[in-house]
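Asker:
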Amino acid sequence: MTAEITQRVGSHSSSQTEAPADLLPISSARCNSPTVQEFGEDEKGHDTNVESTTEYPIGKRRYWKRFIDIVSWTPRRCRWNPENPSKFGLPLNLLFAFSGTFTVANLYYSHPILDVLAQFFDVSHERVSLIPTCSQAGYATGLILLCPLGDLVRRRHFVLALTFVTAALWIGICITNSFETFLVLSYLSSVTTVTPQIMLPLVGDLVPPARRATALSVVSSGLVLGLLFARLLSGIVAEYSHWRNIYWLSLGLQFLIFGLLWLFMPDYPSTNTNISYFKILYSIIGYYWTSPELVQATLMSFFLSATFTSYWTTLTFLLAGDPYNYPTLTIGLFSLAGLTPMFLGPLFSRYMIDKFVPQFSVLVSLGILIIGVSIGTYTGTWTVAGPIIQAALQDFGLQMTQIANRITIYAVAPKARNRLNTGYMMGVFCGQLMGTSVGNRLYSQGGWILSGSVNLAFIGISLVICLLRGPAEQGWVGWHGGIRIRRTDV
5 MTAEITQRVG
15 SHSSSQTEAP
25 ADLLPISSAR
35 CNSPTVQEFG
45 EDEKGHDTNV
55 ESTTEYPIGK
65 RRYWKRFIDI
75 VSWTPRRCRW
85 NPENPSKFGL
95 PLNLLFAFSG
105 TFTVANLYYS
115 HPILDVLAQF
125 FDVSHERVSL
135 IPTCSQAGYA
145 TGLILLCPLG
155 DLVRRRHFVL
165 ALTFVTAALW
175 IGICITNSFE
185 TFLVLSYLSS
195 VTTVTPQIML
205 PLVGDLVPPA
215 RRATALSVVS
225 SGLVLGLLFA
235 RLLSGIVAEY
245 SHWRNIYWLS
255 LGLQFLIFGL
265 LWLFMPDYPS
275 TNTNISYFKI
285 LYSIIGYYWT
295 SPELVQATLM
305 SFFLSATFTS
315 YWTTLTFLLA
325 GDPYNYPTLT
335 IGLFSLAGLT
345 PMFLGPLFSR
355 YMIDKFVPQF
365 SVLVSLGILI
375 IGVSIGTYTG
385 TWTVAGPIIQ
395 AALQDFGLQM
405 TQIANRITIY
415 AVAPKARNRL
425 NTGYMMGVFC
435 GQLMGTSVGN
445 RLYSQGGWIL
455 SGSVNLAFIG
465 ISLVICLLRG
475 PAEQGWVGWH
485 GGIRIRRTDV
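The opening residue of the sequence shown carries number 5 in our numbering; numbering runs sequentially from there.
Here it is in structure tokens:
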């Protein structure tokens, strides 16, 4: 956007110039009187006092434009400078992890309080179960339709827009008394709750290969924490206060995330400028045909994600029945065992995934998964220690497998990392849906041991898929190039 501005240097000289597009807001807020004052930088980095000279009628449009100006304005320290790009350090890494934690949590607040929501809205348990279903459907919609845009647009403005829209929709969830409205808003807010899946490829863009797995592990740990934190906090808050309080708390956190990202998230240029939105969507399918690395990682994630949701779904049935008969609050505390990836994940990533080929890290993680699921499956009916050990080892092994797989797929096409991530996450999402359905059905037929044994079979299938291609293989199947353990790109 080009605008005429008056640049005043000192108190006695002035000249008229055209402002660089990167330094101006998306739209300018203007009014008749008084004149609107704005501040920016010239091309050499000098401060300029900018005065708008174009007049608009005073009204609601003026305030809306002014709001857009403020939201889209980028602080000086966050602006893109190709000669001195912003460094991706630990503070920004932790900010992304914090944002991911409380963004992903939006999808799971309703899970422990479905019975409370059924009573409040006066609906059946079957109808109230539509809430998590709509949330997952909305998340899938966002993955398919929004995440690929990360390869086309500037990520800072895109992430801020999604975060603000999510927070705005969340206000309706906090105040509505209509079940149908609650469902619609749950779906819409979940569509825009995909900012972590835009941040992860951005980490892949910014962090050098030698530290990439560690940085991804920090952000991924935030996503796991969000899933567990939401279920635990929601159950506790609903137990001792009104259920709406957890949604009001989430609303405050969403605006806090927006403010922190607005202040500290650097602006980065888009990776593609010569491709249309529909071509981006179509190209995702193309990568399934041309990238054996993506197909291999997606198939493994499909079966491993099924074991994750199958375990956490059937665990509630196990602990609520004989011989344990635990109350809901106690069952919710078991989610704390899943915090293992948060503490050990960065260490494993630093000393394993960052140094060895991703396939070797996947094999080690699958071994951890087999040990954890075996212990929990065949001891869980007579000692509670079994499910606790399984939760810790299974969540850790699954998270490390996903990080190693992301390292693999992000190397396929650096300018298409958002599309590759979308293709990969669709495998994760479909696997989670299958795991929930299959886990419930198997538990009703054969109990805890049957459902756990099938989970072991899923891990075995993933192991076979992993061994079909060697780390140096360029084709779909084989071990050409020999066995290589250490990475050569770091």
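Don't be surprised by glycine CBs; every beta carbon is placed ideally from N, CA and C.
Of the residues Ala-389, Phe-307, Ser-457, which one's Cα is nearest the Cα of Val-468?
Answerer: A check of alpha carbon separations from Val-468 across Ala-389, Phe-307, Ser-457 identifies Phe-307 as the nearest.
Asker: Use the C-beta contact count for Asp-155: other C-beta atoms within 10 angstroms, 16 or more gives buried, fewer gives exposed.
Answerer: buried
Asker: Taking the continuous alpha helix (DSSP H) assigned at Trp-316, which residues delimit it?
Answerer: 296-324
Asker: Is it true that the stretch 463-483 meets the stretch 357-365, where meeting means three or more beta-carbon pairs spaced less than 8 Å apart?
Answerer: yes
Asker: For Ala-396, is the classification buried or exposed, using 16 other Cβ atoms within 10 angstroms of its Cβ as the cut-off for buried?
Answerer: Label assigned to Ala-396: buried.
Asker: Apart from the five residues on each side of it in sequence, which residues of its chain come closer than 6 Å, Cβ to Cβ, to Tyr-330?
Answerer: Leu-323
Asker: Is Gly-166 buried or exposed, if buried means 16 or more other CB atoms sit within 10 Å of its CB?
Answerer: It is Leu, not Gly, that sits at residue 166 in the sequence shown. That one is buried.
Asker: Going along the chain, which residues of its own chain have a beta-carbon closer than 6 Å to the beta-carbon of Met-438, five neighbours each way excluded?
Answerer: Ala-310
Asker: Nearest CA to the CA of Phe-71: which residue from Phe-168, Thr-105, Cys-82, Trp-252?
Answerer: The residue among Phe-168, Thr-105, Cys-82, Trp-252 with its C-alpha nearest the C-alpha of Phe-71 is Phe-168.
Asker: Would you say the beta carbon of Trp-77 comes nearer than 7 Å to a heavy atom of the ligand SAM?
Answerer: Absence of the ligand SAM is noted for the structure shown, with no ligands found whatsoever.
Asker: Looking only at C-alpha atoms, which of Asp-209, Thr-320, Val-120, Phe-106 sits nearest to Pro-524?
Answerer: Any answer about residue 524 is impossible in this case: the structure gives the chain only from 5 up to 494.
Asker: Measure the C-alpha to C-alpha separation of Ser-76 and Arg-160 and round it to an integer number of angstroms.
Answerer: Near 9 Å, if we compare the C-alpha coordinates of Arg-160 and Ser-76.
Asker: Between the alpha carbons of Gly-349 and His-115, how many angstroms are there, rounded?
Answerer: 26 Å
Asker: According to DSSP, is Phe-462 part of a helix, a strand, or is it coil?
Answerer: helix
Asker: As a quick exercise: from Lys-419, Phe-312, Met-346, pick the residue whose alpha carbon is nearest that of Asn-459.
Answerer: Phe-312
Asker: Quick one: any contact between the stretch 228-242 and the stretch 336-350, if contact means 3 or more CB pairs under 8 Å?
Answerer: Segment contact: the stretch 228-242 against the stretch 336-350, three or more CB-CB distances shorter than 8 Å; contact assigned.
Asker: Mapping DSSP to helix, strand and coil, what is Gly-482?
Answerer: Secondary structure of Gly-482 (DSSP, three-state): strand.
Asker: How should Gln-123 be labelled, buried or exposed, when 16 other C-beta atoms within 10 angstroms of its C-beta is the threshold for buried?
Answerer: By the 10 Å Cβ count, Gln-123 comes out exposed.
Asker: If you run the structure through DSSP and keep just helix, strand and coil, what is Arg-490?
Answerer: strand
Asker: Which value, in whole angstroms, describes the spacing of the CA atoms of Leu-204 and Leu-164?
Answerer: Annotation: Leu-204 to Leu-164 spans about 15 Å, alpha carbon to alpha carbon.
Asker: Label Ser-128 either buried or exposed according to how many other C-beta atoms from any shown protein chain fall within 10 Å of its C-beta, with 16 as the threshold for buried.
Answerer: Burial check for Ser-128: the Cβ neighbour count within 10 Å stays below 16, so the residue is exposed.
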